[in-house]
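Below you'll find the structure, written out as structure tokens, and then a few comments.
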Amino acid sequence: MSCSSNPSHPVAIIGAGPVGLAAAAHAVLRGLTPILFERGAAVGASLRDWAHVRVFTPWSLNIDHAARTLLEDTGWAAPDDAAVPTGGEIVRSYLEPLAAHPRLAPHLRLGAEVLAVTRRGTDKLTTSGRADAPFVVSWRDGDGTEHRTPAQAVLDASGTWFTPNPMGADGLAVPGERAAADRIAYGIPDVRGAARASYVGVTTMVVGSGHSAMNVVLDLLTLREQAPGTRVLWALRWNRLARLLGGGLNDQLPARGALGIAATRAIEDGRLELLSPYAAERVERAADGLRIAGLLGDQPHEARVQRVVVATGLRPDLSFLRELRVDLDPLMEAPPKLAPLIDPNLHSCGTVPPHGVEELTHPEPGFYVVGGKSYGRAPTFLMATGYEQVRSVVAEIAGDHAAARDIHLVLPETGVCSSDPVFGDERETTDRCCGAQAPAETSAPAGCCAGSA
Ligand SMILES: Cc1cc2nc3c(=O)[nH]c(=O)nc-3n(C[C@H](O)[C@H](O)[C@H](O)COP(=O)(O)OP(=O)(O)OC[C@H]3O[C@@H](n4cnc5c(N)ncnc54)[C@H](O)[C@@H]3O)c2cc1C
Numbered sequence: 120m121s122c123s124s125n126p127s128h129p130v131a132i133i134g135a136g137p138v139g140l141a142a143a144a145h146a147v148l149r150g151l152t153p154i155l156f157e158r159g160a161a162v163g164a165s166l167r168d169w170a171h172v173r174v175f176t177p178w179s180l181n182i183d184h185a186a187r188t189l190l191e192d193t194g195w196a197a198p199d200d201a202a203v204p205t206g207g208e209i210v211r212s213y214l215e216p217l218a219a220h221p222r223l224a225p226h227l228r229l230g231a232e233v234l235a236v237t238r239r240g241t242d243k244l245t246t247s248g249r250a251d252a253p254f255v256v257s258w259r260d261g262d263g264t265e266h267r268t269p270a271q272a273v274l275d276a277s278g279t280w281f282t283p284n285p286m287g288a289d290g291l292a293v294p295g296e297r298a299a300a301d302r303i304a305y306g307i308p309d310v311r312g313a314a315r316a317s318y319v320g321v322t323t324m325v326v327g328s329g330h331s332a333m334n335v336v337l338d339l340l341t342l343r344e345q346a347p348g349t350r351v352l353w354a355l356r357w358n359r360l361a362r363l364l365g366g367g368l369n370d371q372l373p374a375r376g377a378l379g380i381a382a383t384r385a386i387e388d389g390r391l392e393l394l395s396p397y398a399a400e401r402v403e404r405a406a407d408g409l410r411i412a413g414l415l416g417d418q419p420h421e422a423r424v425q426r427v428v429v430a431t432g433l434r435p436d437l438s439f440l441r442e443l444r445v446d447l448d449p450l451m452e453a454p455p456k457l458a459p460l461i462d463p464n465l466h467s468c469g470t471v472p473p474h475g476v477e478e479l480t481h482p483e484p485g486f487y488v489v490g491g492k493s494y495g496r497a498p499t500f501l502m503a504t505g506y507e508q509v510r511s512v513v514a515e516i517a518g519d520h521a522a523a524r525d526i527h528l529v530l531p532e533t534g535v536c537s538s539d540p541v542f543g544d545e546r547e548t549t550d551r552c553c554g555a556q557a558p559a560e561t562s563a564p565a566g567c568c569a570g571s572a
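If you count by the working numbering, then the sequence shown holds residues 120 to 572, one letter each, in order.
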């Protein structure tokens, strides 16, 4: 349905990452008024966190069509379609100019954290009149003042980057993990750049078995060449290292193969200590850092480290959706129609079909989760997929139901696909095959599927 019952209200978009900004671009081109809430002080807050990481998709796949249309009117210097940018380059060359566009800038609220979404005068239990009641977005500005903004529709494009999975193999933080937060980093810290001082010359345990963990490990090994006191323990929950490293010389993607070769060599010559299969059980403070108690296979294991990097995947923050009628697959935490299409337990790369409003519809009319968050816990999201999602959803909101259902995502035949455990999801799945982030200085894109497109 369209949300024409409240057409005078703006379309609220939560999150000014690549997908939220693209949604705003589609909205203005369709004559709708967006209001874009971004918690960070600037757009692209997630990508700024991994600004040093080179992605694996080229610019041609990283720029939304509506966004490009807007930008091309401004004398914007479009990046080379074939080049592969870092997270930081995506922010500088694309997201910042887009956010500054005169048709978008007035609608952007920075430092605006969405706290909750509901329907005006209508709690979750109330059905009568629900669909006609405008949404109400509760948000807090940078001064701490709370506001309520009505909206005709809501797109939640808040991503999953800021809700990483914890260290525990059971999905929980292990005892002591929270208390040791000052020595634990989640994600892909820039261990050779901004965060170097914390990692040089000390022992770091990297937890996670995806390519993101592998990138951190290799960056630490580079640091070790400069400062031999730097020690690296790599803790993997599953012994799927052969698959992870197995690309090697046979890998179709040179940069990913290079990562695998470098890691294999490091293990062989003892520069990298491998703990696998490993499960952390407890973190305790020690005089010189942390004591990590865990199980290596079925044997108790103790490690003394100064730092821990956890790269075990991401999960969506569902807390501010509590008053909405949201239907999620219990496994993926994605809409039930979308979940089977993206489940990495079932799908190898290239088999995630294009999708749009039909798959993203919730029992709450006019509410959609889009972008990385729409995939819930599945680590298989691509920006290009999100751009097609918001093209479809915004067409639906504008009442163009035919365009909304004319799904036509085209991934060029570069072999790029979306099944990388990009942030180190650790489940032992069947056939995830692709993707890695190359370190920023790696010239070739890392992370494509053999034989998929
Ligand atoms: C290391 C890495 C490499 C990747 N490489 C690729 C690649 O090569 N190709 C590809 O296509 N994809 C890649 N991805 C996947 C995906 O494209 C990115 O994660 C992308 O950033 C997702 O965009 P998004 O707009 O959905 O979410 P995000 O970029 O995460 O943006 C969400 C925004 O919402 C804001 N926000 C969160 N909560 C709130 C709130 N309550 N109120 C207001 N604002 C809020 C955040 O501050 C953030 O700015 C990669 C991901 C990672 C982590």
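Glycine residues also receive a C-beta, built at the ideal position from the N, C-alpha and C atoms.
Check: Candidates Leu291, Pro285, Gly312, Val293: which alpha carbon is nearest alanine 304's?; Outcome: Pro285
Check: Buried or exposed: which applies to aspartate 200, given that a residue is buried once 16 or more other Cβ atoms fall within 10 Å of its Cβ?; Outcome: exposed
Check: Relative to ligand 1, is the shortest distance from any of its heavy atoms to the C-beta of valine 509 smaller than 7 Å?; Outcome: no
Check: Helix, strand or coil for proline 153? Go by DSSP, reduced to three states.; Outcome: strand
Check: Going by C-alpha to C-alpha distance, which of Pro455, Lys492, Asn464, Phe500 sits closest to glutamate 478?; Outcome: Pro455
Check: Kindly give me the distance between the Cβ atoms of leucine 223 and valine 147, rounded to whole angstroms, as I take these residues to be in contact under 8 Å.; Outcome: 7 Å
Check: Using a threshold of 8 Å, state whether the C-beta atoms of threonine 205 and valine 172 are closer than that.; Outcome: yes
Check: With a threshold of 7 Å, establish whether the CB of methionine 333 neighbours any heavy atom of ligand 1.; Outcome: no
Check: Considering only DSSP beta bridges, list what proline 269 is partnered with.; Outcome: Val255
Check: Using 7 Å as the cut-off, classify the Cβ of phenylalanine 99 as near or not near the heavy atoms of ligand 1, replying yes or no.; Outcome: The shown model of the chain, from 120 to 572, leaves out residue 99, and the question about it has no answer.
Check: Going by DSSP in three states, arginine 167 sits in which element: helix, strand or coil?; Outcome: helix
Check: One question on the structure: do valine 402 and threonine 323 come within less than 8 Å of each other, judged by their Cβ atoms?; Outcome: no
Check: Does the beta-carbon of threonine 549 have 16 or more other beta-carbons within 10 angstroms, so that it is buried, or is it exposed?; Outcome: Because the pLDDT of threonine 549 is 33, which lies under 50, any placement of that residue in the model is unreliable, and the number read from its coordinates should be weighed accordingly. So threonine 549 counts as exposed.
Check: Please list, in chain order, all residues of the same chain as aspartate 436 whose beta carbon is under 6 Å from its beta carbon, the five residues on each side excluded.; Outcome: Thr282
Check: Have a look at threonine 245 and leucine 447 and give me their C-alpha separation to the nearest angstrom.; Outcome: 20 Å
Check: Ordered along the chain, which non-local residues of its own chain (more than five positions away) have a Cβ less than 7 Å from that of serine 537?; Outcome: Bear in mind that the predicted position of serine 537 carries a pLDDT of just 34, short of 50, making it too unreliable to give a figure here.
Check: What does DSSP give as the partner residue(s) for glutamine 418 in the beta ladder?; Outcome: Leu415
Check: Is leucine 391 closer than 8 Å to leucine 355 when the C-beta atoms are compared?; Outcome: no
Check: With burial defined as no fewer than 16 other Cβ atoms inside 10 Å of the residue's Cβ, what is the status of isoleucine 132: buried or exposed?; Outcome: buried
Check: For glycine 312 and isoleucine 526, what's the separation of their Cα atoms in angstroms?; Outcome: 41 Å
Check: Once you ignore the five residues that flank serine 127 on each side, which residues in its own chain have a CB closer than 6 Å to its CB?; Outcome: none
Check: Can you tell me the Cα-Cα spacing of alanine 231 and alanine 521, whole angstroms?; Outcome: 34 Å
Check: CB glycine 485 to CB valine 273, shorter than 8 Å?; Outcome: yes
Check: Between which two residues does the alpha helix (DSSP H) carrying methionine 286 extend?; Outcome: Segment: none, methionine 286 is in no alpha helix (DSSP H) and carries neither H nor E.
Check: Mapping DSSP to helix, strand and coil, what is glutamate 403?; Outcome: strand
Check: Could you check what DSSP says for valine 489 in three-state terms: helix, strand or coil?; Outcome: coil
Check: Can you give me the Cβ contacts of aspartate 519 inside the same chain, cut-off strictly under 8 Å, excluding the 5 residues immediately before and after it?; Outcome: Arg149
Check: From this set, His220, Pro137, Val488, which residue's C-alpha is nearest alanine 458's C-alpha?; Outcome: Val488
Check: Taking 8 Å as the threshold (C-beta atoms), are alanine 288 and alanine 398 in contact?; Outcome: yes
Check: Pop quiz: alanine 430 and alanine 497 are said to be a contact at Cβ under 8 Å. What is the actual Cβ separation, rounded to whole angstroms?; Outcome: The pair is not a contact, with the Cβ atoms about 16 Å apart (cut-off 8 Å).
Check: Between the alpha carbons of tryptophan 195 and aspartate 407, how many angstroms are there, rounded?; Outcome: 51 Å
Check: Apart from the five residues just before and just after valine 427, which ones in its own chain have a Cβ nearer than 6 Å to its Cβ?; Outcome: Ile303, Met324
Check: My guess is that glycine 573 and valine 130 are in contact by the Cβ rule of under 8 Å, so how many angstroms apart are they, rounded?; Outcome: The structure shown has nothing for residue 573, since the chain only spans 120 to 572.
Check: By the 10 Å Cβ neighbour count, where 16 or more other Cβ atoms means buried, how is proline 221 classified, buried or exposed?; Outcome: exposed
Check: Go ahead and pull the three-state DSSP assignment for tryptophan 353.; Outcome: strand
Check: Near arginine 228, which residues of its chain fall below 8 Å by C-beta distance, leaving aside the five closest residues on each side in sequence?; Outcome: Ile154, Leu155, Phe156, Glu157, Trp258, Asp260
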